[in-house]
Amino acid sequence: MDITNAVINFRRHLKRKNYSPHTVRNYLNMLQHYIRWLDIPVEAATPENIAGYIDFLMDKHLHPKTINCHLSCIRIFYDYVYYEEKNNVINPVRKGDALRLPSPLPRYVKEEELDTLFAVINKHRDRAMFTLMLRCGLRVEEVAKLTLGAVDLRRRRIVVHNGKGRKDRVVYISDDAYMALDKYLRLRPKSKTSALFLVEKGTCKGQGISVRGIQKRMEYYTKKTGLDISCHHLRHTMATQMLNAEAELSTIQDLLGHNWITTTQKYCTVFNLKVQRDYFKAMEIVMQRSSPIPPDSNSRFRH
Numbered sequence: 034m035d036i037t038n039a040v041i042n043f044r045r046h047l048k049r050k051n052y053s054p055h056t057v058r059n060y061l062n063m064l065q066h067y068i069r070w071l072d073i074p075v076e077a078a079t080p081e082n083i084a085g086y087i088d089f090l091m092d093k094h095l096h097p098k099t100i101n102c103h104l105s106c107i108r109i110f111y112d113y114v115y116y117e118e119k120n121n122v123i124n125p126v127r128k129g130d131a132l133r134l135p136s137p138l139p140r141y142v143k144e145e146e147l148d149t150l151f152a153v154i155n156k157h158r159d160r161a162m163f164t165l166m167l168r169c170g171l172r173v174e175e176v177a178k179l180t181l182g183a184v185d186l187r188r189r190r191i192v193v194h195n196g197k198g199r200k201d202r203v204v205y206i207s208d209d210a211y212m213a214l215d216k217y218l219r220l221r222p223k224s225k226t227s228a229l230f231l232v233e234k235g236t237c238k239g240q241g242i243s244v245r246g247i248q249k250r251m252e253y254y255t256k257k258t259g260l261d262i263s264c265h266h267l268r269h270t271m272a273t274q275m276l277n278a279e280a281e282l283s284t285i286q287d288l289l290g291h292n293w294i295t296t297t298q299k300y301c302t303v304f305n306l307k308v309q310r311d312y313f314k315a316m317e318i319v320m321q322r323s324s325p326i327p328p329d330s331n332s333r334f335r336h
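Reminder that position 89 of the sequence shown reads as 122 in the working numbering, one-by-one numbering, no gaps.
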């Protein structure tokens with residue numbers, strides 16, 4: 034098999050499948066790492082070679098999720114060679130090769146922590162960026178890619194173009210997000226770029242702020258307050274707050290741009306006030322009917 038042509042054609046295949054440029058770059062990079070490591074022809078690789086490659090990646094202390102991304106890329110490549118190139122090779126990546134991943138619950142930010150964080154954010158640009166994450170559930174990449182044309186203050190909505198999975202969606206602007214955006218737009222310097230949020234200092238002044246630029250601003254404020262908060266925590270907080278306000282899961286799913294309702298359901302196990310209220314309400318009825326333990330009037334435990 035001509036591996037060079039196979040990789041070039043694989044790249045074209047990914048583009049035809051409408052993979053994002055970022056994903057295409059990552060896939061090709063991971064594939065090249067695998068090909069360089071492999072000491073036999075690619076078409077001769079066996080499951081034992083894949084097991085050895087997993088050990089190699091683990092020795093490099095890569096995160097299990099990253100290792101699974103490598104395996105997924107290799108599996109897709111072999112599938113492409115077999116089905117598209119009509120090359121009779123056996124895919125050495127088996128279904129059970131993927132590493133088991135922990136399933137940490139989404140982390141939300143408590144109200145008092147939000148108050149502390151936003152109390153030190155005095156820049157109108159930064160306040161608008163982080164308020165959009167908190168109230169609209171935007172990812173940091175989505176905030177960085179926002180354009181002036183995507184924001185409709187009159188209708189109080191934002192069109193998120195090419196979100197995760199290259200999907201478009203509409204989110205809505207709360208009162209405090211409206212005020213933060215309005216104040217920023219009144220002071221936003223004129224620029225040839227259509228980017229909504231601009232770099233304010235340095236050689237890149239007037240250009241759209243990058244993802245890393247936004248993250249560094251969050252790091253600046255968290256260092257200032259001593260809080261452990263990331264941009265993504267604000268998005269999680271929006272979902273948790275809406276759930277506790279008894280918004281429908283399907284509504285939260287649409288606003289966050291989740292493909293699967295099961296992803297949104299993770300928030301149900303974080304801090305669901307409705308579950309808490311239902312539990313204590315039901316327990317009151319249960320205890321009235323059949324409680325073998327009389328309530329202690331002096332008990333200091335109350336809900």
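The beta-carbon is built from N, C-alpha and C at its ideal position, and this holds for glycine as well. Since the model is a prediction, treat every value here as computed from it, not as a measurement.
Out of the options, state which residue places its alpha-carbon closest to the alpha-carbon of residue i.
i	options	result
Glu118	Arg45, Asn155 and His103	Arg45
Ala78	Met34, Asp185 and Val173	Met34
Arg202	Ile41, Ala228 and Ile191	Ile191
Arg140	Phe313, Arg322, Lys234 and Cys264	Cys264
Val122	Tyr111, Gly198 and Ala131	Tyr111
Gly129	Lys178, Arg199, Ser105 and Ala280	Ser105
Arg108	Leu231, Leu95, Asp148 and Tyr67	Tyr67
Leu218	Gly241, Arg69, Leu181 and Gly239	Leu181
Gln274	Lys257, Lys256, Asp287 and Lys307	Lys307
Asn195	Asn62, Ser53 and Arg49	Ser53
Lys200	Leu282, Leu95, His291 and Arg49	His291
Asn90	Gly198, Arg245 and Ala131	Here residue 90 is Leu; the residue named in the question, Asn, does not match the sequence. Selected option, being the one with the closest Cα: Ala131.
Ile247	Leu179, Ala280, Glu281 and Leu260	Leu179
Glu252	Leu150, Asn82, Gln286 and Leu231	Leu150
Gly198	Phe43, Asn51, Asn38 and Ala39	Asn51
Val204	Arg245, Thr284 and Arg322	Thr284
Thr22	Asp88, Glu145 and Arg189	There is simply no residue 22 to check, as the chain begins at 34 and stops at 336 in what is shown.
Phe163	Tyr211, Ile294 and Asn124	Tyr211
Leu359	Arg188, His266 and Gln286	No statement about residue 359 is possible, as the shown extent of the chain runs from 34 to 336 and does not include it.
Quick one: using the 10 Å Cβ neighbour count with 16 as the cut-off for buried, is residue i buried or exposed?
i	result
Met320	exposed
Ala315	exposed
Thr226	exposed
Arg250	buried
Phe313	exposed
Thr99	exposed
Gln309	exposed
Ile318	exposed
Tyr116	exposed
Leu165	buried
Leu288	buried
Gly235	exposed
Arg268	buried
Tyr86	buried
Arg49	exposed
His94	exposed
Leu220	exposed
Are residue i and residue j close, meaning C-beta to C-beta below 9 Å?
i	j	result
Val153	Tyr254	yes
Ile8	Val142	An answer regarding residue 8 cannot be provided, because it is not within the stretch 34 to 336 covered by the chain.
Asn120	Val126	no
Asp209	Leu186	no
Pro97	Arg133	yes
Ala84	Arg160	no
Ala272	Thr297	yes
Cys169	Ser207	yes
Leu229	Val193	no
Leu64	Thr56	no
Asn59	Cys102	yes
Ile36	Pro74	yes
Leu71	Thr270	no
Pro222	Gly239	yes
Glu281	Arg158	no
If you reduce the DSSP assignment to three classes, tell me which class residue i lands in.
i	result
Thr149	helix
Ala122	Checking the displayed sequence, the identity of residue 122 turns out to be Val instead of Ala. Three-state DSSP puts Val122 in coil, outside helix and strand.
Leu231	strand
Pro191	The question names Pro, but residue 191 is Ile in the sequence shown. Three-state result, Ile191: strand.
Gly129	helix
Gly170	coil
Val142	coil
Tyr60	helix
Thr236	coil
Thr273	helix
Thr180	strand
Asp185	strand
Gly196	coil
Arg221	coil
Tyr205	strand
Gly241	strand
Trp70	helix
Asn292	coil
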